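Asker:
Numbering (our numbering), first residue to last: 23 to 417.
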């Protein structure tokens with residue numbers, strides 16, 4: 023099993039000297055008389071290019087985008103109560119300043135700012151620093167750990183500050199330009215540029231008493247993301263938000279590396295943020311199973327009748343899956359060094375959409391709403407059946 027460590031994140035310049043203008047040659051021949059043959063014309067000195075002309079069209083586009091979008095990006099200084107995790111009876115500790123930093127962006131003209139949940143989690147004070155250097159204290163309006171999104175609000179905005187538009191992250195393609203603006207290590211309104219490296223990634227969410235949920239449909243990018251970038255926007259070349267910078271991968275199989283960043287997609291922001299503004303929380307749809315992706319090697323190892331889909335390992339008590347009659351595994355085996363439950367139902371499709379991985383099913387379920395009824399196509403033994411399930415809110 024390959025272990026991926028993910029850090030939730032809460033450059034040199036070369037100057038090229040301008041070429042000196044060519045100096046017109048000094049004539050060495052005698053003065054020209056009317057009867058002499060004319061001399062060939064003297065070439066004029068080359069004109070140094072203007073600063074704008076020296077930039078490529080792509081560079082000019084990035085500069086214009088930054089000048090426009092950076093005004094809507096803020097830096098956050100977060101004060102967390104140091105007494106929160108002290109043992110009972112311990113004297114309280116007074117905070118002596120901010121203990122965390124992050125970024126955010128203006129979501130609407132009412133002063134709502136979107137950031138990451140992990141940036142403001144446990145905050146007793148949140149200071150917003152605007153692009154012009156002004157600072158104000160923000161109120162926490164709502165937060166959702168399962169999408170790592172939060173909304174804060176300020177009562178005043180700098181003149182001319184306008185919200186960033188949300189793009190359609192479903193139209194994002196691997197290879198397109200990705201632009202991150204944020205405050206890495208407190209360096210306010212830093213711009214980095216890369217590409218969209220991957221789509222449909224999944225990040226592990228917070229751990230609960232009965233397990234953990236995952237954040238689906240995450241965008242992977244090689245744009246430099248560092249601590250302090252969390253909560254800042256990931257933009258396309260039109261200046262639209264395609265994601266919110268959330269995490270970086272820091273190790274894989276015990277090896278340290280860099281260059282892999284992750285952003286929660288704009289479609290999740292568009293769905294969750296308005297609900298956080300309205301009611302302070304977001305209820306995610308819940309099926310109530312643990313799952314393992316099936317491929318050919320897995321199917322051959324355990325003699326399964328199909329080589330794609332997701333195997334139901336456990337079914338949570340009182341969950342929609344249990345109420346619908348889904349069955350979990352009845353024996354525990356080891357695969358790639360980890361325990362896996364074998365013998366349960368295999369989910370082949372959801373509402374007719376073929377399922378090839380647990381990540382895909384998690385992402386698909388997240389598009390539904392609490393109370394919505396779905397149809398799962400199940401392989402149970404040697405037969406396929408369709409099971410209706412009514413999704414509930416996550417506990």
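Just so it is clear, CB atoms sit at the ideal spot from N, CA and C, and this is done for glycine as well.
Treat the numbers as computed from the prediction; the structure is a model and nothing was measured.
Would DSSP call residue 290 helix, strand or coil?
Answerer: Residue 290 falls in the helix class under three-state DSSP.
Asker: Quick one: residues in its chain with C-beta nearer than 6 Å to the C-beta of residue 353, no 5 flanking neighbours on either side, listed in chain order?
Answerer: Cβ neighbours of residue 353 beyond the five flanking positions: 364, 365.
Asker: Between the Cα of residue 188 and the Cα atoms of 261, 317, 81, which residue gives the shortest distance?
Answerer: Closest by alpha carbon: 261.
Asker: Note down the Cα distance separating residue 327 from residue 399, rounded to an integer number of angstroms.
Answerer: Approximately 15 Å between the Cα atoms of the pair.
Asker: Of the residues 254, 200, 225, 264, which one's Cα is nearest the Cα of residue 150?
Answerer: Residue 150 has its Cα closest to that of 254, out of 254, 200, 225, 264.
Asker: Opposite residue 357 in the DSSP bridges: which residues?
Answerer: Paired residue(s): 360.
Asker: What's the gap between the Cα of residue 266 and the Cα of residue 325?
Answerer: Distance between the alpha carbons of residue 266 and residue 325 is about 42 Å.
Asker: Hey, residue 315 and residue 286 are a contact pair by Cβ (cut 8 Å); roughly how many whole angstroms apart?
Answerer: Between residue 286 and residue 315 the Cβ distance is about 22 Å, and since that is not below 8 Å, they are no contact.
Asker: Tell me the DSSP secondary structure of residue 87 in three-state form.
Answerer: Residue 87: helix per DSSP, three-state reduction.
Asker: How far does the beta strand (DSSP E) with residue 371 in it extend, from its first residue to its last?
Answerer: 368 to 372 is the span of the beta strand (DSSP E), which, as asked, contains residue 371.
Asker: Quick one: using the 10 Å Cβ neighbour count with 16 as the cut-off for buried, is residue 39 buried or exposed?
Answerer: Note that residue 39 scores a pLDDT of 37, beneath 50, so its modelled location is shaky; the value from the coordinates is reported in the next line. Exposed: under 16 other Cβ atoms inside 10 Å.
Asker: Between 132, 159, 80, which lies nearest to residue 100 when the distance is taken from Cα to Cα?
Answerer: Looking at the Cα atoms, 159 is the closest of the given residues.
Asker: Just the Cα atoms here: how many angstroms apart are residue 345 and residue 411?
Answerer: Their backbone Cα atoms lie some 8 Å apart in a straight line.
Asker: How long is the line joining the alpha carbons of residue 124 and residue 379, rounded to whole angstroms?
Answerer: Distance between the alpha carbons of residue 124 and residue 379 is about 33 Å.
Asker: Could you spell out where the alpha helix (DSSP H) holding residue 318 opens and where it closes?
Answerer: Residue 318 -> alpha helix (DSSP H) spans 318 to 324.
Asker: Put residue 178 into one of helix, strand or coil per three-state DSSP.
Answerer: Correct three-state label for residue 178: coil.
Asker: Let's test the definition: count the other Cβ atoms within 10 Å of the Cβ of residue 302 and tell me whether it reaches 16, buried, or not, exposed.
Answerer: When all chains shown are included, residue 302 counts as exposed.
Asker: Return the first residue and the last residue of the beta strand (DSSP E) that residue 136 is part of.
Answerer: Unbroken beta strand (DSSP E) run through residue 136: 134 to 137.
Asker: Which class does residue 94 belong to by DSSP, given the choice of helix, strand or coil?
Answerer: The answer is helix: DSSP assigns residue 94 an H, G or I state.
Asker: Return the CA-CA distance between residue 137 and residue 235, expressed in angstroms with no decimal places.
Answerer: Whole-angstrom Cα-Cα distance: 20 Å.
Asker: Could you give the distance in angstroms between the alpha-carbon of residue 216 and the alpha-carbon of residue 224?
Answerer: Spanning the two alpha carbons is a distance of roughly 20 Å.
Asker: Reducing DSSP to helix, strand and coil, say where residue 284 ends up.
Answerer: If DSSP states are grouped into helix, strand and coil, residue 284 belongs with the strands.
Asker: Out of 347, 221, 110, state which residue places its alpha-carbon closest to the alpha-carbon of residue 385.
Answerer: Of the candidates 347, 221, 110, the one whose C-alpha sits nearest the C-alpha of residue 385 is 221.
Asker: Below 8 Å on the Cβ atoms is my guess for residue 247 versus residue 283; work out the distance and round it to an integer in Å.
Answerer: At roughly 3 Å, the Cβ-Cβ gap stays under 8 Å, so residue 247 and residue 283 are in contact.
Asker: With a 10 Å radius around its C-beta and 16 neighbouring C-beta atoms as the bar for buried, classify residue 80 as buried or exposed.
Answerer: The residue in question, residue 80, is exposed, as its Cβ has fewer than 16 Cβ neighbours within 10 Å.
Asker: Identify, in the order they occur along the chain, each residue of the same chain with its Cβ nearer than 8 Å to the Cβ of residue 377, setting aside the five sequence neighbours on each side.
Answerer: So the list reads 330, 331, 332, 369, 370, 371, 383, 386, once near-sequence residues are dropped.
Asker: Please state the DSSP three-state secondary structure of residue 349.
Answerer: In this structure, residue 349 counts as coil in the three-state DSSP scheme.
Asker: Decide yes or no for the touch test of the stretch 153 to 169 against the stretch 189 to 206: beta carbon pairs closer than 8 Å, at least 3 of them.
Answerer: Taking 8 Å as the limit for Cβ pairs, the verdict is that the stretch 189 to 206 does not touch the stretch 153 to 169.
Asker: Spell out the partners DSSP gives residue 376 in its beta bridges.
Answerer: Residue 376 pairs with 371.
Asker: Residue 158 lies in the beta strand (DSSP E); which residues open and close that run?
Answerer: It spans 157 to 166 - the beta strand (DSSP E) in which residue 158 sits, taken as one unbroken run.
Asker: Are residue 413 and residue 342 close, meaning C-beta to C-beta below 7 Å?
Answerer: Against a cut-off of 7 Å, the Cβ pair of residue 342 and residue 413 comes out as a contact.
Asker: Below 8 Å on the Cβ atoms is my guess for residue 135 versus residue 173; work out the distance and round it to an integer in Å.
Answerer: The Cβ separation is near 7 Å, so the contact holds.
Asker: Buried or exposed for residue 351, please, with buried defined as at least 16 other CB atoms from any protein chain shown within 10 angstroms of its CB.
Answerer: That one is buried.
Asker: So what's residue 57 in DSSP terms, helix, strand or just coil?
Answerer: Residue confidence for residue 57 is low, a pLDDT of 41 falling below 50, so the modelled location carries little weight; the figure read from the coordinates is stated next. Coil.
Asker: Taking C-alpha atoms, which residue in 181, 130, 102, 139 lies nearest to residue 122?
Answerer: When only C-alpha atoms are compared, the closest one is 102.
Asker: If the criterion is Cβ atoms closer than 7 Å, does the pair residue 250 and residue 205 meet it?
Answerer: The answer is yes: Cβ separation under 7 Å.
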